[in-house]
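*Asks:* The structure's right below; bear with me while I get my questions together.
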Amino acid sequence: MWVTVLLALFSFNAFSTSQVPGCTNGFTLLNGKCLKFFPDKLHQLDAEGMCTYVGGNLVALKNSGDDIAIEKIVNGQTHAIWIGLYCFGNDPSQCYWDDTTSVVDSYKNFANGFPLSDIGNCVHYSVGGSLNGKWTSGDCKGQSMSFVCELPATFEDACTFNYGGSCYTFNDPLPFSDAQAACEKECGNLVSINSFQENRYLNQLIQDSSTDYLIGASFATPDSLKWIDGSDHSFLNLDPSVPSRSHCLVISSGLFGVEVKGNWYGVDCGNATRFICERPAGLGECNPHAPVTVAPAPTNPSNCNKYMLMAPGIITSPNYPNNYGDDVSCTYRINTLGSFNVLLQFTSFSTELKNDVVSVYDGDIINHQTFKGNFSGNLDRFNLVSSGNMMTVVFNSDAQNGAKGFKAKFSSYAGL
317 MWVTVLLALF SFNAFSTSQV PGCTNGFTLL NGKCLKFFPD KLHQLDAEGM CTYVGGNLVA
377 LKNSGDDIAI EKIVNGQTHA IWIGLYCFGN DPSQCYWDDT TSVVDSYKNF ANGFPLSDIG
437 NCVHYSVGGS LNGKWTSGDC KGQSMSFVCE LPATFEDACT FNYGGSCYTF NDPLPFSDAQ
497 AACEKECGNL VSINSFQENR YLNQLIQDSS TDYLIGASFA TPDSLKWIDG SDHSFLNLDP
557 SVPSRSHCLV ISSGLFGVEV KGNWYGVDCG NATRFICERP AGLGECNPHA PVTVAPAPTN
617 PSNCNKYMLM APGIITSPNY PNNYGDDVSC TYRINTLGSF NVLLQFTSFS TELKNDVVSV
677 YDGDIINHQT FKGNFSGNLD RFNLVSSGNM MTVVFNSDAQ NGAKGFKAKF SSYAGL
């Protein structure tokens with residue numbers, strides 16, 4: 317069934333090139349969003365997986381207009397739908413939208429007494445009845461419901477891959493400079509990836525290919541990245557293995573063993589590599605390139621004893637890269653959105669063998685059933701993946717012989 321959906325989603329549509337807001341492949345533009353109702357009743361994780369498969373996410377409701385849009389798109393065909401909200405506790409401030417944009421803040425419409433995590437951490441929207449329009453808690457794996465997927469609005473265009481206001485093409489291998497010249501002939505540039513959603517969309521398109529794809533990023537200096545179209549660094553998905561030196565980047569299809577699909581890796585700019593071009597959707601002529609801007613590299617706080625760390629982010633031992641102190645006790649509780657796993661990538665690891673230990677647990681409960689392993693000494697890079705959307709890391713040192721410690725990147729992962 318999913319293959320049929322994917323072929324339908326990426327079918328050719330002959331739109332005009334006037335810049336008219338719209339949606340593609342059966343989605344409907346309502347309140348500035350592209351929405352589609354799926355009547356099949358699925359567990360929340362499977363529903364979110366279906367939305368991811370077609371390039372989107374479960375619908376996020378940010379204002380009363382979104383409620384009206386849901387009523388229109390569902391049109392009385394079911395009594396409840398999953399929405400893209402996951403709650404870590406019983407307060408709305410502990411609820412996060414699956415589109416990664418925000419916590420529930422200015423707009424929320426929970427029924428009285430909700431959220432209630434004892435029932436479940438997922439959230440559904442009632443259609444009709446006494447709870448019409450209200451949000452209530454649901455069991456993510458124990459309940460099955462229909463759902464609505466959301467895609468960002470775009471502009472009508474005849475291109476095959478039209479997403480979020482851009483058209484994408486996938487091309488045969490060329491070196492970086494020649495690839496950019498080829499993209500300019502298409503009225504575009506090598507792709508700049510500016511959001512988690514865009515990265516996920518492109519990852520879905522290339523995941524079955526046998527190669528990585530060149531993107532429009534390179535190191536302007538040993539410590540600073542630039543996009544060729546001048547975009548800023550609002551989103552970065554560099555794999556921790558990428559050193560800060562002058563080279564170009566590819567988005568990985570995940571087919572090379574140690575590579576994580578969707579992460580960005582370094583390549584020689586002179587190597588011929590398959591590449592992705594991006595141009596504005598719905599425009600009949602090229603726009604001049606914006607000047608390139610360079611943003612400073614991000615900082616990496618320790619995050620020791622933080623109760624809720626939302627992916628993506630960095631954890632380190634205290635005082636890293638200098639030696640940590642004696643009798644350190646740190647707990648790092650890492651979370652990602654409800655439909656994803658946590659990917660933890662240790663990029664540097666040096667502690668006193670057997671005495672200063674990092675312990676990792678699969679979930680937010682520390683016991684022998686969730687234990688994934690103890691790590692100490694001088695270790696090469698290694699990765700760990702949770703089975704759900706939470707992971708706990710504990711670091712304890714003894715009263716002597718501190719060392720450099722560790723650094724690890726955590727991110728959302730949809731590979732399981």
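To convert, take the position in the sequence shown, counting from 1, and add 316; that gives the numbering used here. The C-beta atom is built at its ideal place from N, Cα and C for all residues, glycine as well.
Let's test the definition: count the other Cβ atoms within 10 Å of the Cβ of P355 and tell me whether it reaches 16, buried, or not, exposed.
*Replies:* By 1-based counting over the sequence shown, the position of residue 355 is 39. So P355 ends up on the exposed side.
*Asks:* Just checking my contact of S742 with S453 at CB under 8 Å: how many whole Å lie between their CB atoms?
*Replies:* Shown here, the chain extends from 317 to 732; a query on residue 742 therefore has no answer.
*Asks:* Give me the Cα-Cα distance between N519 and E594, rounded to the nearest whole angstrom.
*Replies:* Here the question's residue 519 lines up with position 203 in the sequence shown. Here the question's residue 594 lines up with position 278 in the sequence shown. Cα to Cα, N519 sits roughly 15 Å from E594.
*Asks:* Please say whether S703 and V674 have beta carbons closer to each other than 8 Å?
*Replies:* Counting from 1 along the sequence shown, the entry for residue 674 is found at position 358. Counting from 1 along the sequence shown, the entry for residue 703 is found at position 387. Going by C-beta atoms, V674 is not nearer than 8 Å to S703.
*Asks:* Drop a sphere of 10 angstroms on the beta-carbon of S569, count the other beta-carbons inside from all chains shown, and report buried for 16 or more, exposed for fewer.
*Replies:* Mapped onto the sequence shown, residue 569 falls at position 253. It counts as buried.
*Asks:* Check whether the Cβ atoms of L377 and E364 lie closer than 8 Å to each other.
*Replies:* Counting from one through the sequence shown, the residue named residue 377 turns up at place 61. Counting from one through the sequence shown, the residue named residue 364 turns up at place 48. Not in contact: L377 and E364 (Cβ atoms no closer than 8 Å).
*Asks:* In whole angstroms, what separates the C-alpha of N425 from that of L660?
*Replies:* Position 109 of the sequence shown, counted from the first residue, corresponds to residue 425. Position 344 of the sequence shown, counted from the first residue, corresponds to residue 660. Roughly 34 Å between the two C-alpha positions.
*Asks:* Can you give me the C-alpha to C-alpha distance between C646 and T632, rounded to a whole angstrom?
*Replies:* In the sequence shown, the residue the question calls residue 646 occupies position 330. In the sequence shown, the residue the question calls residue 632 occupies position 316. Between C646 and T632, the C-alpha separation is close to 10 Å.
*Asks:* Return helix, strand or coil for I397, following the three-state DSSP convention.
*Replies:* As a working mapping, residue 397 is identified with position 81 in the sequence shown. It is a strand residue.
*Asks:* Between the region 491-507 and the region 585-599, are three or more C-beta pairs nearer than 8 Å?
*Replies:* yes
*Asks:* Determine the burial state of Q360: buried for a count of at least 16 other Cβ atoms within 10 Å of its Cβ, exposed for fewer.
*Replies:* Stepping through the sequence shown from its first residue, residue 360 is reached at position 44. Result: buried.
*Asks:* Among residues of its own chain, excluding the 5 on either side of F343, which ones have a beta-carbon nearer than 7 Å to its beta-carbon?
*Replies:* Indexing the sequence shown from 1 puts residue 343 at position 27. Here the set comprises C350, L351, K352 and L467.
*Asks:* Identify, in the order they occur along the chain, each residue of the same chain with its Cβ nearer than 8 Å to the Cβ of D488, setting aside the five sequence neighbours on each side.
*Replies:* In the sequence shown, residue 488 corresponds to position 172, counting from 1. These residues qualify, in order along the chain: R590.
*Asks:* Assign F687 to buried or exposed, taking buried as 16 or more other Cβ atoms, counted over all protein chains shown, within 10 Å of its Cβ.
*Replies:* Here residue 687 refers to the residue found at position 371 when the sequence shown is read from its first residue. Exposed, since its Cβ has fewer than 16 Cβ neighbours within 10 Å.
*Asks:* State the DSSP-derived secondary structure class of C499, mapped to helix, strand or coil.
*Replies:* For the purposes of this step, residue 499 is taken as the residue at position 183 of the sequence shown. Correct three-state label for C499: helix.
*Asks:* Mind checking Y623: buried by the 16 CB within 10 Å criterion, or exposed?
*Replies:* Position 307 of the sequence shown, counted from the first residue, corresponds to residue 623. Exposed, because fewer than 16 other Cβ atoms sit within 10 Å of the Cβ of Y623.
*Asks:* What is the DSSP secondary structure of D488, counted as helix, strand or coil?
*Replies:* Within the sequence shown, the letter at position 172 stands for residue 488. In the three-state reduction of the DSSP assignment, D488 falls in the strand class.
*Asks:* Using 10 angstroms around the beta-carbon of I384, count the other beta-carbons present and answer buried if the total reaches 16, otherwise exposed.
*Replies:* Start at 1 with the first residue of the sequence shown, and residue 384 comes out as number 68. Answer is exposed; the Cβ neighbour count stays below 16.
*Asks:* If you draw a straight line from the alpha carbon of S462 to that of V443, how long is it in whole angstroms?
*Replies:* Taking the first residue of the sequence shown as 1, we reach residue 462 at position 146. Taking the first residue of the sequence shown as 1, we reach residue 443 at position 127. Distance between the alpha carbons of S462 and V443 is about 11 Å.
*Asks:* In whole angstroms, what is the alpha-carbon distance linking V439 and Y412?
*Replies:* Residue mapping note: residue 439 aligns to position 123 of the sequence shown, counting from 1. Residue mapping note: residue 412 aligns to position 96 of the sequence shown, counting from 1. Those two C-alpha atoms are separated by around 10 Å.
*Asks:* Pick out whichever of A498, F471 and G348 has its Cα sitting closest to the Cα of S380.
*Replies:* Counted from its first residue, the sequence shown places residue 380 at position 64. The shortest C-alpha separation from S380 is found at G348.
*Asks:* Apply the 10 Å Cβ neighbour rule to I681 and answer buried if 16 or more other Cβ atoms are within range, or exposed otherwise.
*Replies:* On the sequence shown, position 365 is the one that residue 681 refers to. I681 comes out exposed.
*Asks:* With distances taken from CA atoms, which of N341, V419 and N478 is nearest G405?
*Replies:* Position 89 of the sequence shown holds residue 405. Out of N341, V419 and N478, V419 has the C-alpha closest to the C-alpha of G405.
*Asks:* Am I right that L346 and G338 are in contact with their C-beta atoms under 8 Å? What's the rounded C-beta distance?
*Replies:* Counting from one through the sequence shown, the residue named residue 346 turns up at place 30. Counting from one through the sequence shown, the residue named residue 338 turns up at place 22. Contact flag wrong, Cβ pair sits at about 12 Å.
*Asks:* Would you kindly work out how many angstroms separate the C-alpha atoms of C483 and I435, rounded to a whole number?
*Replies:* Numbered from its first residue, the sequence shown carries residue 483 at position 167. Numbered from its first residue, the sequence shown carries residue 435 at position 119. Using only the alpha carbons, I get a separation of about 42 Å.
*Asks:* Can you tell me where the beta strand (DSSP E) holding Y423 begins and where it ends?
*Replies:* Along the sequence shown, one-based indexing puts residue 423 at 107. No beta strand (DSSP E) holds Y423; DSSP gives it neither H nor E.
*Asks:* Between V710 and K723, what straight-line distance do the alpha-carbon atoms span, to the nearest angstrom?
*Replies:* In the sequence shown, residue 710 corresponds to position 394, counting from 1. In the sequence shown, residue 723 corresponds to position 407, counting from 1. So the two alpha carbons sit approximately 13 Å from each other.
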